[in-house]
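Numbered as in my numbering, the sequence shown ends at 323 without a single skipped number.
Backbone N, C-alpha and C fix where the C-beta goes; we use that ideal spot for every residue, glycine too.
On a predicted model such as this, the values are computed, not experimentally measured, just so you know.
Contents: one structure, followed by commentary.
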Amino acid sequence: LKKIGVLTSGGDAPGMNNAIAGVVKSAHAKGIEVFGIKDGYKGLINGWFTKLDSDFTLDIISKGGTVLGSARLPEFKEESVRQKAVDQLRKHGIEALVVIGGDGSYMGAQRLTEMGINCVGLPGTIDNDIVSSDYTIGFDTALNTVIESVDKIRDTMTSHNRAAVVEVMGNRCGDLVTYAAIGTQAEVFSPSESKLTEEEICIQVKKLADINHRSVIILISEKQFDAKALAKKIQEVSGYDTRATILGHTQRGGRPTGMDRYLAFTAAMFAVEKLIAGEGGLYIGIENNQLVARDIESTLNMPKPDRTQIINKIRILNSKQIK
Ligand code: ATP
Numbered sequence: 001l002k003k004i005g006v007l008t009s010g011g012d013a014p015g016m017n018n019a020i021a022g023v024v025k026s027a028h029a030k031g032i033e034v035f036g037i038k039d040g041y042k043g044l045i046n047g048w049f050t051k052l053d054s055d056f057t058l059d060i061i062s063k064g065g066t067v068l069g070s071a072r073l074p075e076f077k078e079e080s081v082r083q084k085a086v087d088q089l090r091k092h093g094i095e096a097l098v099v100i101g102g103d104g105s106y107m108g109a110q111r112l113t114e115m116g117i118n119c120v121g122l123p124g125t126i127d128n129d130i131v132s133s134d135y136t137i138g139f140d141t142a143l144n145t146v147i148e149s150v151d152k153i154r155d156t157m158t159s160h161n162r163a164a165v166v167e168v169m170g171n172r173c174g175d176l177v178t179y180a181a182i183g184t185q186a187e188v189f190s191p192s193e194s195k196l197t198e199e200e201i202c203i204q205v206k207k208l209a210d211i212n213h214r215s216v217i218i219l220i221s222e223k224q225f226d227a228k229a230l231a232k233k234i235q236e237v238s239g240y241d242t243r244a245t246i247l248g249h250t251q252r253g254g255r256p257t258g259m260d261r262y263l264a265f266t267a268a269m270f271a272v273e274k275l276i277a278g279e280g281g282l283y284i285g286i287e288n289n290q291l292v293a294r295d296i297e298s299t300l301n302m303p304k305p306d307r308t309q310i311i312n313k314i315r316i317l318n319s320k321q322i323k
């Protein structure tokens, strides 16, 4: 193996730059050149390749986002479009690829592997929605951002005896809500996997109002409710002056935490080892604190971890506050 490429695809996530650094350093240590591909699969079909040097890694490891840029290219599902990517790679002598992104990106990596370019995927997304990895690159940073924001919202809600609906990202995965609810002791939380109805939320907040609870945080996963309309309803039912905050893209940016840097860098090292061994169509995850490599096809069909037990236990603890 003489030349490999690295790209970031799908939504950006803090830690992606550490994964890029991991690829560059471990490949260079084996005398392999690394080409950064701009804007994911879009750059791949257009030949937007830049040779990366080792010095570059120190400049990027404390930055959020992805220095390579990311894009979505739905047409990559078509074989004729992917053929352009294969042609570009062959033209530049790039034999294998590391793809950092979510599960859509792995499908692209799998298809490219089938067309003769070995690809290994790394789990880069704040959503923690890649079932074959306990954690994804970016999740820990986003979780800390959510917790910091909710702590700040709590300060003002407590000062004014208010309630706050806080909408959190996660796509269809409620882990950011569940973990942040535990971290901030949010009184009410509705993660994607264990949704509450508007009525259930209002009843819970009303019970807290009845015991003069000073402030209430209601954490909700995105794509469930209209946060402002929900806040209005809660105010009507409970009497709390209720505000809505959509945390939005603050959750996507920021300096990666130590945990994200560690996961990203070590997973990247493992990915390069797999490419050197001539393997492709793989995806790297972390399971019980061990890096694991699995076939992309099999990881996409794994069942989601069941969080209902922990969610229910936390809800019971919360309800015990209400005498
Ligand atoms: P995120 O979780 O942040 O959304 P993702 O990688 O799942 O990340 P997608 O938009 O689903 O994001 O996929 C990223 C890109 O991967 C797509 O724009 C497309 O170029 C490619 N891709 C997705 N699905 C396929 C597929 N079935 N075959 C080939 N390429 C695909």
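Boundaries of the beta strand (DSSP E) in which residue i is found, first to last residue
| i | result |
| --- | --- |
| Phe225 | Note, Phe225: premise wrong, no beta strand (DSSP E); not H, not E. |
| Val332 | The structure shown has nothing for residue 332, since the chain only spans 1 to 323. |
| Val188 | Val188 to Ser190 |
| Val5 | Here the sequence assigns Gly to residue 5, which means Val is not the residue at that position. Segment Lys3 to Thr8, the beta strand (DSSP E) holding Gly5. |
| Leu276 | According to the sequence provided, residue 276 is Ile. The question's Leu does not apply to it. Looking at the DSSP string, Ile276 is not in any beta strand (DSSP E); the run it does join, the alpha helix (DSSP H), is Gly258 to Ile276. |
Nearest to residue i (by Cα), restricted to the options the options
| i | options | result |
| --- | --- | --- |
| Gly281 | Trp48, Thr308, Met107 and Ser190 | Met107 |
| Asp155 | Ala267, Arg214 and Thr50 | Arg214 |
| Gly124 | Thr145, Arg111, Val188 and Ile20 | Ile20 |
| Phe56 | Ser238, Cys202 and Val67 | Val67 |
| Lys304 | Asn128, Gly10, Arg90 and Val34 | Asn128 |
| Leu317 | Gln83, Val188 and Met269 | Val188 |
| Ala109 | Val146, Ile286 and Val86 | Val86 |
| Ile296 | Gly43, Leu247, Ser105 and Phe139 | Ser105 |
| Asn289 | Ala163, Gly239 and Ser132 | Ser132 |
| Gly278 | Gln235, Asp241, Val98 and Gly36 | Val98 |
| Met16 | Pro256, Val205, Ile314 and Ala186 | Pro256 |
| Lys313 | Gly40, Ile100 and Ala181 | Ala181 |
| Gly116 | Gly254, Ile45, Val177 and Arg82 | Arg82 |
| Gln263 | Asp134, Gly102 and Thr197 | The sequence shown places Leu at residue 263, rather than the Gln named in the question. Closest option to Leu263, Cα to Cα, is Asp134. |
| Ile310 | Asp260, Thr50, Ile286 and Ser194 | Ser194 |
| Leu370 | Asp140, Ala209 and Ser221 | Any answer about residue 370 is impossible in this case: the structure gives the chain only from 1 up to 323. |
| Gly64 | Gly102, Pro14, Gly43 and Arg172 | Pro14 |
| Ser9 | Val34, Leu143, Ala27 and Gly43 | Gly43 |
| Tyr324 | Asn161, Glu78 and Asn144 | In the structure displayed, the chain extends from 1 to 323; residue 324 sits before or after that span and is not available. |
| Arg72 | Gly102, Arg90, Ser26 and Leu89 | Gly102 |
| Ala268 | Ala293, Ala244, His249 and Gly248 | Ala293 |
| Ser26 | Gly11, Val205 and Leu1 | Leu1 |
| Ile100 | Ser70, Asn118, Gly174 and Ser238 | Ser70 |
Heavy atom of the ligand ATP within 6 Å of residue i beta-carbon
| i | result |
| --- | --- |
| Leu122 | no |
| Gly116 | no |
| Thr125 | yes |
| Tyr41 | yes |
| Asp175 | no |
| Met169 | no |
| Lys77 | yes |
| Leu73 | yes |
| Arg162 | no |
| Ser105 | yes |
| Ser9 | yes |
| Gly101 | yes |
| Gly36 | no |
| Gly65 | no |
| Gly108 | yes |
| Arg111 | yes |
Whole-angstrom C-beta distance between residue j and residue i, which should lie under 8 Å
| i | j | result |
| --- | --- | --- |
| Val120 | Leu291 | No, Val120 and Leu291 are not in contact; Cβ-Cβ is about 12 Å, not under 8 Å. |
| Gln251 | Met169 | 5 Å |
| Glu95 | Lys3 | 6 Å |
| Phe265 | Ile284 | Wrong, their Cβ atoms sit about 12 Å apart, outside the cutoff. |
| Ile246 | Glu167 | 4 Å |
| Tyr227 | Val165 | Note that residue 227 corresponds to Ala in the displayed sequence, not to Tyr. Ala227 to Val165, Cβ: 5 Å. Contact. |
| Ile37 | Val6 | 7 Å |
| Asp260 | Thr141 | 5 Å |
| Gln88 | Gly47 | 4 Å |
| Ile234 | Cys202 | 6 Å |
Bridge partner(s) assigned by DSSP for residue i
| i | result |
| --- | --- |
| Asn118 | Ala96 |
| Lys30 | In the DSSP output, where bridge partners are listed per residue, Lys30 has none listed. |
| Glu287 | Gln290 |
| Pro123 | Gly101 |
| Lys51 | Phe35 |
| Val165 | Ile218 and Ala244 |
| Ile137 | Gly124 |
| Leu282 | Val120 and Asp295 |
Range covered by the alpha helix (DSSP H) that runs through residue i
| i | result |
| --- | --- |
| Phe76 | Counting along the chain, Phe76 falls outside any alpha helix (DSSP H), and DSSP gives it neither H nor E. |
| Arg294 | No alpha helix (DSSP H) contains Arg294, which is instead part of the beta strand (DSSP E) from Gln290 to Asp295. |
| Glu200 | Glu198 to Asp210 |
| Gly65 | Taken as a continuous stretch (DSSP letters only), Gly65 belongs to no alpha helix (DSSP H), as it is neither H nor E. |
| Gln321 | Counting along the chain, Gln321 falls outside any alpha helix (DSSP H), and DSSP gives it neither H nor E. |
| Ala180 | Asp175 to Thr184 |
| Asn46 | Gly40 to Asn46 |
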